[in-house]
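Residue numbers (the working numbering): 595 to 836.
Quick reminder that beta carbons are idealized off the backbone N, C-alpha and C, glycines included.
No experiment lies behind these values; they were computed from the predicted model shown.
The next block holds one structure in the form of structure tokens; read it before the comments.
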């Protein structure tokens, strides 16, 4: 029996504490659904300058298997944490997961099947976003191949959330850029990554009937930190094309 993973779930943790417990339960639910359909999945977890409580919750979590990866690092940067985990990943496909959000159980399986159907130049995002916490709201994300996508919108706003799913080779070719708030003046690493990959010929799709439940916080959010420091997105070839 081949035990090599097909999918690597890249999960970034730092200060989630007890919230990490339910997040890992949610991703485990995605893993079980995918593996019941033949898609073996590994966890690749980074503890980036993590709090003691976050480390305790992750290291003792019942969903962890002996072949999962947990890496303790000190980059203090979400982008570098993701890049590190992707380098360590063994799966053909990679999905990025934040440490305090939840996901519909079909997320991994739907993305793999979509890439198999539409090709390796496809990147997937959840179809529906449900925010909770400081903001209670829901919205549908646009599909680049659909009628609601307008390229010019990306000049002023990010159209897709940070939860992305693609072939591992996509992330290796287009790693995330450093995004520490207040250091360089640049930020919004996911927005930049979306723009750069579109410029390189990739298509951002939404996986049908998938949901990301996004925790909204008044502090501790990277996007909030970028806004407070007046960060701007780095230059991208996409802007020249538009």
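Pick out whichever of the options has its Cα sitting closest to the Cα of residue i.
i, options, result
"residue 636", "712, 832, 618, 643", "618"
"residue 540", "759, 600, 601, 667", "Residue 540 lies beyond the range of the chain shown here (595 to 836); nothing can be said about it."
"residue 749", "792, 681, 664", "792"
"residue 653", "685, 607, 737, 695", "607"
"residue 683", "631, 766, 672, 632", "766"
"residue 600", "689, 754, 659, 788", "689"
"residue 786", "836, 665, 832", "832"
"residue 649", "613, 784, 757, 830", "613"
"residue 645", "738, 693, 732", "693"
"residue 812", "712, 726, 825", "726"
"residue 739", "733, 756, 715", "715"
"residue 742", "721, 729, 774", "721"
"residue 735", "729, 756, 685", "756"
"residue 611", "621, 598, 655", "655"
"residue 609", "632, 647, 622", "647"
"residue 605", "789, 829, 620", "620"
"residue 761", "803, 828, 680", "680"
"residue 695", "806, 826, 830", "806"
"residue 744", "773, 836, 632", "836"
"residue 603", "659, 660, 661, 687", "687"
"residue 670", "788, 772, 795, 778", "772"
"residue 737", "634, 661, 804, 829", "804"
If I follow the unbroken beta strand (DSSP E) through residue i, where does it start and stop?
i, result
"residue 761", "759-761"
"residue 545", "Nothing about residue 545 can be reported from this structure: the residues present for the chain run from 595 to 836 only."
"residue 831", "Premise fails: residue 831 lies in the alpha helix (DSSP H), 831-835, not in any beta strand (DSSP E)."
"residue 722", "716-727"
"residue 804", "797-810"
"residue 731", "731-734"
Opposite residue i in the DSSP bridges: which residues?
i, result
"residue 600", "BP columns for residue 600 are empty, so no partner."
"residue 606", "640, 692"
Where are the beta strand (DSSP E) runs, 3 residues long or more, that stay fully inside the region 763-795, in chain order? none
Counting Cβ pairs closer than 8 angstroms, one from the region 706-718 and one from the region 784-803, do we hit at least three? yes
Evaluate contact between the region 635-652 and the region 667-680, counting only Cβ atoms and requiring at least three cross-stretch pairs below 8 angstroms. yes
Please specify which runs of the alpha helix (DSSP H), each continuous and at least 4 residues long, are wholly inside the region 608-662, giving them in chain order. 613-629, 646-653
Taking the runs of the beta strand (DSSP E) that are 3 residues or longer, which of them lie wholly in the region 662-713? 663-667, 687-692
contact_flag[the region 621-629, the region 695-706] where n(CB pairs < 8 angstroms) is 3 or more: yes
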